[in-house]
Amino acid sequence: MSVFDKTLTYKTQGNTDIIDITPDVIQIVEEAGIQDGILLVYSPRSTVSITTIEYEPGLIEDVNYHPMNRVASCFIIESNDSIPQA
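Per full-length UniProt numbering, the sequence shown starts with residue 1, numbered consecutively.
Put into structure tokens, the structure is as follows:
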């Protein structure tokens, strides 16, 4: 069994910013020549969410304009923004 490791870094605008990482993941799998196996995508940060969902224009609008985001966003204090990143 072989193991391939690759680290990617992304910068967001915060709050409900969404980045489609699918093309990057596909490129890594192709470059590594992987035919079968298990792919693990994760983030060590507590404020990141990785999900499998169809990335389409309506998604961003749904997330940004969801009523809970408008209500909750005015009460959120990002105290962990002051934690140094490794």
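For glycine and all other residues, C-beta sits at the position ideal for the given N, C-alpha and C.
Closest Cα partner of residue i within the set the options
i, options, result
"Thr7", "Ile50, Ile53, Tyr42", "Tyr42"
"Asn15", "Glu31, Ile34, Thr47", "Thr47"
"Val3", "Arg45, Thr12, Ile34, Gln13", "Ile34"
"Thr51", "Pro57, Thr12, Asp20", "Asp20"
Chain-order list of residues whose beta-carbon lies under 8 Å from that of residue i (same chain, five-residue window excluded)
i, result
"Thr22", "Tyr55"
"Leu39", "Val25, Val29"
"Ile18", "Tyr55, Leu59, Ile60, Val63"
"Ile53", "Leu59"
Per-residue DSSP class, three states only, for residue i
i, result
"Ile53", "coil"
"Gln27", "helix"
"Ile18", "coil"
"Gly37", "coil"
"Leu59", "helix"
Other residues of its chain near residue i: CB distance less than 7 Å, five sequence neighbours each side excluded
i, result
"Ala32", "Phe4"
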